[in-house]
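Be aware that the first sequence starts at 218, since it is given in the working numbering, and climbs by one per residue.
In this text, a Cβ means the ideal position worked out from N, Cα and C, and glycines have one as well.
Please read all numbers here as calculations on a predicted model, not as lab measurements.
A short write-up of the structure that comes next.
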Amino acid sequence: MALKTDFVSAIAMAVKELYPDSAIGEAQIAASISAPKKDFGDISSSIPLRLAGIANKRPNEIAVEIISHIRHGHETLIKSLKESGGYINAIVDETKYADMVTLAVWEEGDRYGSSDMGSSAKVIAEFPAVNPNKPWHIGHLRNALIGDSISDILEFCSYKVEREDYIDDLGLQVAQSLWGYLKLGAQPDKKFDQWLGEQYVEVNRRIESDDVRNEVAALLKALEEGTGEQAELGREISHKCVEAQYQTASSYGIYHDVMIWESDIVRARLLDAAIDVGLRSGALEKRTEGKNAGCIVVDLEKIRGFAKDFDNPEEHEKVIVRSDGTATYIAKDLAFHMWKLGILNPGFRYSDARVSNCGRRIFSTGKDGSAMDFGHGAAVINIIGSEQRYAQLMLKAIIGLMGYEKEAAGITHIPYGLVSVAGGSLSGRQGGWIGDGKAYTADVLLLESCAKALEMTRLSKRISQSANVKTISDAIGRAAIKFEFLRVAAQSAVVFSWEKALSFEGISGPYCLYSYARARRVLEKGGYMYNKPAGHGAMATRGADFELIKVIGAARDAVEKAGANHSPSVIADYVTQLATSFSTFYEGMAVIGSHEMEFRLELVNAYAVTMKNMLGLLGIEVVEEM
RNA sequence: GGGCCCGUAGCUCAGCUUGGAUAGAGCAGCACCCUUCUAAGCAUCAUGGGGAAAGGUGAUGGUCGCGGGUUCAAAUCCCGUCGGGCCCGCCA
């Protein structure tokens with residue numbers, strides 16, 4: 218909001234004149250700004266403390282100096298300035314600020330809080346890239362929710378975001394599932410991803426046998442060659458599984474723009490092109506003798522300076538292409554990322570993926586279709602588990618080594634911590650996700666959460682008679698899960714518990730929806746007309762209403778911080794403050810029938826708009842009544 | 001052998017990027033308030049008793065894992081150390 222900018226530039230001007238040699242600029246001053254405890258004022262800067270060392274003066278003297286300098290003829294939102302403990306504390310003019318905030322929210326509407334920091338640069342976000350042979354479990358869900366929210370946040374920061382999903386339909390996992398499909402003789406009798414996932418667990422019980430292993434290996438080879446009945450069937454199974462997984466995504470309101478299939482990457486010979494660039498640039502080398510004879514490798518010595526992770530006295534090389542000519546995981550990812558960054562253009566063809574996707578069109582690579590404008594991002598964001606940090610660093614280092622340093626610098630790995638359950642891991646292979654009676658899948662979680670929400674919603678006589686009960690309770694159920702998953706910083710490993718995930722109390726998704734719904738009812742009952750705010754700011758007091766104004770005014774700061782740090786939890790934190798300050802206001806100050814009603818309705822509306830926008834960044838849609 | 005992440009109230013977690021005033025939320029427990037701009041049910045002329053939560057307030061609760069260092073100032077930066085998780089493969 219303009220408040221912070223105003224304050225910073227006023228201080229900057231004073232500092233520049235008083236201490237021209239201090240090298241303290243707007244950036245440092247902006248970093249020194251904080252919202253102090255109420256007694257001190259509305260906004261503070263600790264910059265005199267920093268200047269004290271440089272100027273060799275007492276901080277409080279410096280603060281007083283700066284303050285008197287600002288006072289001379291500077292017309293701002295600041296009403297008065299005070300020195301305290303070396304800080305510059307400002308009291309904001311509540312009338313002007315109230316007018317400014319309510320007007321800004323009214324004018325910007327559903328863009329309120331947005332930022333132009335992205336300048337329309339294209340960002341490619343990849344998530345959650347689940348193997349197409351099992352249902353999403355709660356760990357995959359965490360990945361997808363983080364990816365979806367980061368995408369929303371970046372879009373709100375004016376980046377052009379392309380949401381991609383990578384489908385590895387050529388992996389060992391798919392080959393094993395295909396074997397199960399052909400040999401176990403079971404028929405799909407439930408949601409396809411669930412069924413296939415259970416089959417996969419069963420296959421893994423039998424994989425000990427050499428016969429089975431050989432048959433699976435043969436299937437894998439057939440898949441990779443890409444021709445023949447088995448390959449066709451493999452892709453068909455994968456597609457059916459993805460279709461089922463996307464039903465899950467859609468039920469959570471998670472969507473993508475395009476899915477890239479591994480088999481299409483192979484068909485387009487992207488891998489050969491990538492290796493070719495690697496060899497020609499000297500980043501990759503073919504070994505003719507020694508331990509890695511016949512392989513294409515990267516010499517770790519060449520990228521040692523890139524990250525300490527590559528310090529390994531036992532291994533001096535990393536194999537990229539095996540001696541039998543097959544590609545390792547890193548090779549595939551390398552090729553994929555060279556496409557993402559626009560280094561390679563294999564001429565993918567895209568067509569409508571025809572899967573459930575929140576009513577949006579999602580495209581898929583394939584044999585047929587037409588050329589489209591996907592890929593070539595200025596930046597790439599990968600939401601991938603923290604255990605893949607090494608591989609992600611390697612990827613980045615190799616692309617840099619090929620001479621694409623600028624492109625490589627655009628790759629960001631968002632390492633999220635794995636989700637475990639009290640009893641153990643969620644391993645797809647061993648079937649940890651199947652759980653004990655209640656599966657730890659995204660589908661079951663949503664079902665449980667919505668059921669609980671429905672139960673609670675029914676307690677309300679008014680809502681329970683509304684035709685929208687199910688719509689409302691489903692929204693509440695989704696909100697509870699999303700808020701719970703996104704409030705925790707991504708990198709923390711979490712232990713899942715049903716009790717926590719289904720918590721509707723305290724600061725939670727349902728709480729935020731509840732507070733929004735209350736605001737909407739006030740507006741309705743108060744007969745708010747949604748007219749342009751007409752300077753009612755003089756009705757603002759310095760009480761709970763002003764505290765709310767300050768929080769609403771800080772929306773953009775929160776969004777920019779969340780965008781810069783790729784961190785949905787920043788938004789969750791902001792939403793918490795927003796809801797809390799509204800509740801305090803709502804409990805403490807009458808709106809309808811008060812002398813300040815015009816202004817307070819404008820404020821309630823500003824709150825509702827801000828809350829809706831911010832919840833939207835967490836992928837949470839609001840409800841109008843509850 | 002090397003690297004990364006985590007360690008903050010009894011529990012679950014923010015805060016650390018960019019050092020700054022008494023370290024913040026929620027849950028549980030304690031003491032209260034409210035009954036409306038959002039409800040049930042009891043009695044009623046007004047109103048009263050009563051009291052639900054996805055409501056509010058207050059109090060309680062902290063060696064910020066531990067030990068050093070840098071600094072006017074450290075949860076935050078640096079070094080070391082302990083505990084937990086993960087990674088360093090011709091697996092994906």
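Pair within 9 Å by beta-carbon distance, residue i and residue j
i, j, result
"L298", "I287", "yes"
"T465", "P352", "yes"
"S720", "A697", "yes"
"L765", "Y824", "yes"
"E311", "K296", "yes"
"I769", "L795", "yes"
"F565", "A490", "no"
"L832", "Y733", "yes"
"A307", "D259", "yes"
"T582", "V420", "no"
"L703", "A772", "no"
"S394", "L371", "no"
"W650", "H354", "yes"
"D550", "W478", "no"
"R675", "D762", "no"
Unbroken beta strand (DSSP E) run spanning residue i, endpoints
i, result
"T582", "F580 to T582"
"E534", "E534 to V538"
"Q596", "At residue 596 the sequence reads Ala, which differs from the Gln that was named. A596 to G602 is the extent of the beta strand (DSSP E) around A596."
"D481", "From DSSP, D481 is part of no beta strand (DSSP E) but of the alpha helix (DSSP H) over E479 to R484."
"I279", "Careful: I279 lies outside any beta strand (DSSP E), inside the alpha helix (DSSP H) at P276 to R288."
"D790", "First-last for D790: P785 to G805, but that is the alpha helix (DSSP H), not the beta strand (DSSP E)."
"V515", "I513 to D516"
"D569", "Y567 to D569"
"V638", "V636 to V638"
"I424", "From DSSP, I424 is part of no beta strand (DSSP E); its letter is neither H nor E."
"I260", "I260 to S262"
Reference residue i, options the options, closest by Cα
i, options, result
"G242", "K255, A219, L220 and R267", "R267"
"I537", "F565, H554, R571 and E502", "E502"
"F802", "N782, G760 and V433", "G760"
"G752", "T319, G620, V309 and A280", "T319"
"G511", "R521, G542, G522 and N562", "G542"
"A570", "R646, A244, Y607 and E453", "E453"
"R430", "G397, G445 and E813", "G397"
"L740", "G443, A668 and I809", "I809"
"F700", "F799, T793 and I616", "T793"
"H630", "V515, M611 and G645", "M611"
"C667", "S637, E234 and Y469", "Y469"
"K339", "G645, F373 and A755", "F373"
"R497", "Y791, H593, D774 and G620", "G620"
"Y376", "M589, S251, A342 and N360", "A342"
"A595", "N562, K557 and P632", "K557"
"S261", "G402, I246 and S811", "I246"
Alpha helix (DSSP H) segment containing residue i, residue limits
i, result
"R380", "No alpha helix (DSSP H) contains R380, which is instead part of the beta strand (DSSP E) from K377 to I384."
"T465", "E446 to S468"
"K296", "No alpha helix (DSSP H) contains K296, which is instead part of the beta strand (DSSP E) from I295 to S301."
"K778", "A772 to N782"
"H630", "That residue, H630, is in no alpha helix (DSSP H); its beta strand (DSSP E) goes I628 to Y633."
"V661", "A659 to R675"
"F721", "Per DSSP, F721 belongs to no alpha helix (DSSP H) and is neither H nor E."
"S498", "L487 to S498"
"Y304", "Not the alpha helix (DSSP H): Y304 falls in the beta strand (DSSP E), residues Y304 to V309."
"S226", "A219 to L235"
"I651", "Here I651 belongs to no alpha helix (DSSP H), and DSSP marks it neither H nor E."
"D550", "Y546 to K557"
"Q605", "Q605 -> no alpha helix (DSSP H), and no H or E assigned at all."
"E813", "No alpha helix (DSSP H) holds E813; DSSP gives it neither H nor E."
Neighbour-count burial assignment, residue i, 16 or more Cβ in a 10 Å radius
i, result
"P237", "exposed"
"N273", "exposed"
"T688", "exposed"
"K584", "exposed"
"K749", "exposed"
"T444", "exposed"
"V597", "buried"
"I271", "exposed"
"L401", "exposed"
"M828", "buried"
Would you list, in sequence order, the uninterrupted alpha helix (DSSP H) runs of no fewer than 4 residues that lie entirely inside the region 343-408? Fully enclosed alpha helix (DSSP H) runs of no fewer than 4 residues occupy 355-373 and 389-400 of the region 343-408, in order along the chain.
May I have a chain-ordered list of the beta strand (DSSP E) segments no shorter than 3 residues that lie completely inside the region 686-766? Those beta strand (DSSP E) runs which fall completely within the region 686-766 and span 3+ residues are 711-713.
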